[in-house]
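In what follows, a structure is listed as structure tokens, so that the remarks can point back to it.
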Amino acid sequence: MGAVVTRHTVRTPEPYRAGGELDADDLESPLVLRLALLRSRPPDPVELSVARLHRAEETSHRRRIKVAEWKDMPVAPPPTGLEVVVRELLGDRLDTAAVLTELHRLEVRHQLASGSKFAAFSQVDGLLGLDLCGLVGKLRR
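Just so you know, we're using my numbering here: the sequence shown kicks off at 24 and counts up by one.
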């Protein structure tokens, strides 16, 4: 049996309206739009305000820097149970917002090894396609 995907209603702010649609060229990266959309839960309408897009852009940038820094730390496995949690959230409900909330919890857990954070973020990024590993090997210290 396949998964059922519920559509979102997307409303765009006035500065981005061009024939009623968001022009992805106005964003620094289409991945910012993807993150903003993944943060919502169907069937709730998605309000793509300038503030929401700005927060998504800031989050993307911050996480790419952190993932690149975590890559340089000792290797460690992702937190126990992460794969099960992500599979449950994405498998039945396609609850990408809950997966992003789980990533935030991992990001701010100080007792979790940086290598584990890198493993977790790169594993989940493989599913969500946010290019969180895009700065790995590119940061200068």
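Here a beta-carbon is modelled for each residue, glycine too, at the ideal position from N, C-alpha and C.
| query | result |
| --- | --- |
| Between which two residues does the alpha helix (DSSP H) carrying Leu162 extend? | Here Leu162 belongs to no alpha helix (DSSP H), and DSSP marks it neither H nor E. |
| Does Thr119 pass the burial test, meaning 16 or more other C-beta atoms within 10 Å, or should it be called exposed? | buried |
| For Val122, list the residues DSSP reports as bridge partners. | Bridge partners of Val122: none, in fact. |
| Whole angstroms is fine: what's the gap from Val90's alpha carbon to Pro66's? | 31 Å |
| What's the call for Arg86, buried or exposed, on a 16-neighbour Cβ count within 10 Å? | buried |
| Please confirm whether Leu126 and Leu61 have their CB atoms less than 8 Å apart. | no |
| Measuring alpha carbon to alpha carbon, tell me which residue in Ala143, Arg116, Pro68 and His77 is nearest Thr103. | Ala143 |
| For Ala59, does the count of other Cβ atoms within 10 angstroms reach 16, so buried, or fall short, so exposed? | buried |
| Please return the same chain residues whose Cβ sits closer than 6 Å to the Cβ of Asp154, not counting the five positions on each side in sequence. | Leu54 |
| Below 8 Å on the Cβ atoms is my contact criterion, and I expect Val109 with Leu150 to pass it. Report the Cβ-Cβ distance as a whole number of Å. | 7 Å |
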